[in-house]
Structures are given as structure tokens and as C-alpha cells.
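> Before anything else, here's the structure in question.
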Amino acid sequence: MKWIKKLFGKKEDSSEETGFREIDFEDLLSWLDDSYQKISSGIEKEVSGLMRELEVALSELKESNSRLAEAKVEGDFDIRAVKRAKSNRENVIKQVSTLVDKIKVQENKDFRALKGFYEAAVQNLDICLENMDRSFKYTRGVFPQESKEVSEGLSKLGHVFKELREAIIINKREMEAIEASYADMREIQKLSTSKIAETLEIESKNRKIQTLKDEIARASQALEEFRKGDAWQSLQSLQEESTAVGSRLKKAETGLSSLVLPLSGHLSRIKKLHESGRYTLKPEVKQQLDICLEYPIRVDLSFFPELQKVFEDNALDMQTQKKEKALLQVRVLISVFPERKKKYLEALREFEANKAEISKSDTGRLVELEHKETELLNRVHLLEEDIENSQKKLAVLREELESRREKLLASISLIDSGARLHFQPSIFG
């Protein structure tokens, strides 16, 4: 391929000119594994000698600890000092033995294993030194040589751990960058999958909205055509007529009620007298009186002559002046009420006839069309709200993706400053 490019005067890839190593995102996992393995292999070679030194140091410490355990008191010491030294020696021996038992030379020498081993081992060493510090002061006063050998063994162990720490620190930044890259890579894959799913969901909902809008257009057209048809025009006329008829019925009803209204106080008085037993009404008269008080338009015309007799009755406990006024109102009712009742009944029949005509009209089709249009519009509204929420979620996903991308690129640069990472358009598109 190179000779073809030269033949046509084409330049080499910029990566070849600059020495950059191009990495596709889909190959990143393999590249990270290789980088991790490469560093781990280097560390393994570097620390192999340290592990051997560690084995020797542990072995020597174990032997020194045994010699301290078997040491005899030599010299002229106060008996109390000897007693304290021996009892504290037991603690020193116990702590050192525990330390030696817990520190197992690491066979797996990759970075993660070594880092975990180092942290645990140093923690155990610190615990050992802390727990034996006070006891050691008494022990070395009576067993100076053996205590010195244990102290030197612990010091040698600490020196090995210090060198191991340096080996870890040298590679820590790159290794942490690799670990961060693994995490960011997985998160980018997860976020990208969510973004693609959310995008597809939005596209699906947009298609549903378009389908619904087409249905709404057809429903609106059918509704418009219905409203232009004879059935709708007839219904409109009936509804207009219904308003006029209803107004006449209301007027007739008010006219009837207004005739009875001036008598309502007197009627209530008669009702109370009857209920208290101070005056007795015929059952049929009592029934009509209740109707007249509650719903005067339904009262029977025969009630008013009977009511006149009640007011003319001397047994009725009512002031003469009030009786005369009530009798005058009753006489007006007897003469006027029948005509007004007739007008009311005519208006009622007209209203009922109009209502029956409306009920026979094709209102079901109108309701059906209006309901369908409303239902479709509501479904579109809900889908548009869903899309708005999805778009907000998509914006958050894109922000998170961009943040992860920046972190991943920074980590890759720490691992290999000459590496350049390329992402598929679908990830950040």
C-alpha cells in the first residue's frame, strides 16, 4: 500500500508521521489488558529479588525470635527486673510469631496482588510493633543480644517493605490510570447503551405521535363533515329552539310561583297549627298544602277553594286583618292561577316535545367523534410529555458521557502519552 500512496503522491497517515498509536474504543479493553500485563511483568521482575529477601528476612526473624524464647538470664539483675523481662518476653515472642505467620510470601506478583499484600503486611507489622513496644523495653534490658537480633530482623523486614513500596509507587500512577480506564470504559459502554435506547425510544414515540396526528386529522375531518350535514343542522335548530322553549318554561314556572309566594307565610302558620293540634286540616288539604309550600306549580286547582274555607273558618287562630289579606290573595289565585297553570303546562309540553326530538337526533355520532378526537389529542399530549422527559434524560446521559470521555482520555494519556483513542460515532453522536 505504501508504494501506491507514493505513486499517487499521498502522504502517510498522520499517526505514522507523529508516532501516535491509534486505539479504537472497541479495542480498548485488549489494550488496557496488555498495558496492565506489561507493567505487572515489569514489577514482577523488579520484585522477584525483594520476595527472596523477604523470605530470608522472615526466616531470620523467626530464628531470632526462637533464640529470644530460649535465652537464659546472664548477669546480675534485680529479681523483679528479671520477672518483668520474662513476662514481657512472652508478649514479644507472641507478637513476632503472629507477624511471621501472617506474612506469607506472595506468589502472585501482579500489581493488584502486590499492592494488597504490601498494605496488609505493613498493617500487620505496625500492629506488631505497637503491641510489643512497651514489652520490648523490659525484654532488651535482661536479654540484650537476643532482643537486638529480633530488632534487627524487624528492621530488615521494614527495609524490604520500604523497597516494595517504592516499586509500587513508581508504577502506581499508571496502574491507577489503568484501573480508572477500566471503570470509565465500562461506564461509557453502559451510558452509550442507555443513550442509544433512549434515542430509539424517542424516535419510536415520534412515529407514534405522527400516526396519532394522522388519525386526529381524519377524525377532525369526519367531525367537520358531520357538522356540515343535515343531521347536525337539524340538531342545531333543535338546540336553539330548546333554549327559547326552556326560557318560556322558566318564565311560566316563575309566574306560577310568584302567585303563591305572598301566601307562604300564612301557609306555614296553618301547617304549624295543624302539627301542634290547635287546628285540624283534612288529609287531602294537608297534602296539597305541603305541595304548595315545596313545589307550588304542582298544586291542584281544587286546593285554593278549600284554602279559602280554611281562612274563613273562625276556628283558625289568626288575626282578622291577616285573614282578610290572605283571603284576598286566595281569591286572586282562584281567578288567575288556572290560566297561568295552563300556560305553564303548554310550555312544559313544548319543552318535553323538543327534548324528545333532540334525543331522537344523531347525537351519538357527534359524541363519538368528539370523544375520539379528544382521546387522540390526550394520547399525543402524554407522548409529548414522555419525549420531553426522555430528552432531558438524554441530555444528562450526554453530559455524563462527555465527562467520562474526558476522564478516560486523561487516564489513557497517563498510561501512554503517545496513544490516541477513537470513539465510534454512535457513542457520542
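For the sequence shown, my numbering gives the first residue as -13, with consecutive numbering after it.
Think of the CB as a built atom: it goes at the ideal place given N, C-alpha and C, for glycine as much as any other residue.
A quick note: this is a predicted structure, and the numbers were derived from the prediction, not measured.
Just to confirm the assignment: which complete alpha helix (DSSP H) runs, minimum length 4, are found wholly within the segment 56 to 88?
65 to 88
> How many whole angstroms separate the CB atoms of residue 182 and residue 412, which I take to be in contact at a CB cut-off of 8 Å?
The residue given as residue 182 occupies position 196 in the sequence shown. The residue given as residue 412 occupies position 426 in the sequence shown. Taking 8 Å as the upper bound for CB-CB distance, residue 182 and residue 412 are in contact here, some 7 Å apart.
> I'd like the list of long-range same chain contacts for residue 249, defined as Cβ closer than 6 Å, with 5 residues on each side in sequence excluded.
Taking the first residue of the sequence shown as position 1, residue 249 is located at position 263. Excluding positions up to five away in sequence, the list reads 315.
> May I ask you to report which of helix, strand or coil DSSP gives residue 313?
Reading the sequence shown from its first residue, position 327 is the one you call residue 313. Helix, per DSSP.
> Tell me where the alpha helix (DSSP H) around residue 9 begins and ends.
Numbered from 1 along the sequence shown, position 23 holds the residue referred to as residue 9. Where residue 9 is concerned, there is no enclosing alpha helix (DSSP H), although the beta strand (DSSP E) it sits in stretches over 7 to 10.
> Do residue 362 and residue 194 come within 8 Å of each other at the CB atom, strictly closer than that value?
Position 208 of the sequence shown holds residue 194. Position 376 of the sequence shown holds residue 362. With a cutoff of 8 Å on beta-carbon distance, residue 194 and residue 362 are scored as not near each other.
> Looking at the structure shown, is residue 267 part of a helix, part of a strand, or coil, going by DSSP?
Within the sequence shown, numbered from 1, the residue matching residue 267 stands at position 281. In this structure, residue 267 counts as coil in the three-state DSSP scheme.
> Out of 357, 345 and 397, point me to the one whose CA is closest to residue 208's CA.
Position 222 of the sequence shown, counted from the start, is the residue given in the question as residue 208. Out of 357, 345 and 397, 357 has the C-alpha closest to the C-alpha of residue 208.
> Would you check if the distance between the CB atom of residue 408 and the CB atom of residue 164 is smaller than 8 Å?
One-based indexing of the sequence shown puts residue 408 at position 422. One-based indexing of the sequence shown puts residue 164 at position 178. Not in contact: residue 408 and residue 164 (Cβ atoms no closer than 8 Å).
> Where does residue 302 sit, in a helix, a strand or coil, going by DSSP?
To locate residue 302, count along the sequence shown from 1; it is residue 316. Correct three-state label for residue 302: coil.
> If you reduce the DSSP assignment to three classes, tell me which class residue 407 lands in.
Position 421 of the sequence shown, counting from 1, holds the residue named residue 407. Correct three-state label for residue 407: strand.
> What is the residue span of the alpha helix (DSSP H) that residue 120 lies within?
Residue numbering aside, residue 120 sits at position 134 when the sequence shown is read from its first letter. Residue 120 -> alpha helix (DSSP H) spans 97 to 128.
> Grab the span of the alpha helix (DSSP H) containing residue 257 for me, first residue to last.
Here residue 257 refers to the residue found at position 271 when the sequence shown is read from its first residue. Residue 257 -> alpha helix (DSSP H) spans 250 to 262.
> Is residue 252 near the ligand ZN - that is, is its Cβ less than 7 Å away from at least one heavy atom of it?
With respect to small molecules bound, the structure shown includes none, and the ligand ZN cannot be examined in it.
> Given a threshold of 16 other Cβ atoms within 10 Å of its Cβ, counted over all protein chains shown, does residue 170 qualify as buried or as exposed?
As a position in the sequence shown, residue 170 is number 184, starting the count at 1. Under this definition residue 170 is a buried residue.
> Taking buried to mean at least 16 other C-beta atoms within 10 Å of its own C-beta, is residue 61 buried or exposed?
As a position in the sequence shown, residue 61 is number 75, starting the count at 1. Exposed, by the Cβ-count rule.
> Assuming the contact rule is C-beta atoms closer than 8 Å, residue 254 and residue 279 should be a hit. Round their C-beta distance to whole Å, please.
Working through the sequence shown from its first residue, we reach residue 254 at position 268. Working through the sequence shown from its first residue, we reach residue 279 at position 293. 7 Å between Cβ atoms; contact.
> Okay, do the segment 285 to 299 and the segment 309 to 324 touch, 3+ Cβ pairs below 8 Å being the bar?
yes
> Can you find the residues in the same chain that come closer than 8 Å, C-beta to C-beta, to residue 330, ignoring five residues on each side of it along the sequence?
Along the sequence shown, read from residue 1 onward, the residue named residue 330 stands at position 344. Cβ within range, chain order: 235, 238, 239, 241, 242 and 283.
> Which value, in whole angstroms, describes the spacing of the CA atoms of residue 36 and residue 405?
Walking along the sequence shown from the start, residue 36 turns up at place 50. Walking along the sequence shown from the start, residue 405 turns up at place 419. Spanning the two alpha carbons is a distance of roughly 32 Å.
> Quick one: using the 10 Å Cβ neighbour count with 16 as the cut-off for buried, is residue 139 buried or exposed?
Locating residue 139 in the sequence shown gives position 153, where the first residue counts as 1. That one is buried.
> Buried or exposed: where does residue 230 fall if 16 or more other Cβ atoms within 10 Å of its Cβ makes it buried?
Walking along the sequence shown from the start, residue 230 turns up at place 244. Answer is exposed; the Cβ neighbour count stays below 16.
> Tell me whether residue 281 sits in a helix, a strand or coil according to DSSP, three-state version.
As a working note, residue 281 is residue 295 in the sequence shown. Coil at residue 281, not helix or strand.
> Quick test of your reading: residue 400 and residue 159, contact by CB under 8 Å. State the CB separation rounded to the nearest angstrom.
Counting from one through the sequence shown, the residue named residue 400 turns up at place 414. Counting from one through the sequence shown, the residue named residue 159 turns up at place 173. Correct: roughly 6 Å between the Cβ atoms.
> Given a cut-off of 8 Å on the beta-carbon distance, is the pair residue 302 and residue 265 in contact?
Taking the first residue of the sequence shown as 1, we reach residue 302 at position 316. Taking the first residue of the sequence shown as 1, we reach residue 265 at position 279. Closer than 8 Å, so yes.
> Residue 167 and residue 394 look like a contact to me (Cβ under 8 Å); what is the Cβ gap, rounded to whole Å?
As a working mapping, residue 167 is identified with position 181 in the sequence shown. As a working mapping, residue 394 is identified with position 408 in the sequence shown. The pair is a contact, with the Cβ atoms about 6 Å apart (cut-off 8 Å).
> What distance in whole Å lies between the Cβ atoms of residue 55 and residue 142, which are believed to be in contact at a cut-off of 8 Å?
Position 156 of the sequence shown holds residue 142. Position 69 of the sequence shown holds residue 55. That pair is no contact at about 19 Å.
> DSSP three-state label for residue 146, please.
For the purposes of this step, residue 146 is identified with residue 160 of the sequence shown, where counting begins at 1. DSSP places residue 146 in the helix class (H, G or I) of the three-state scheme.
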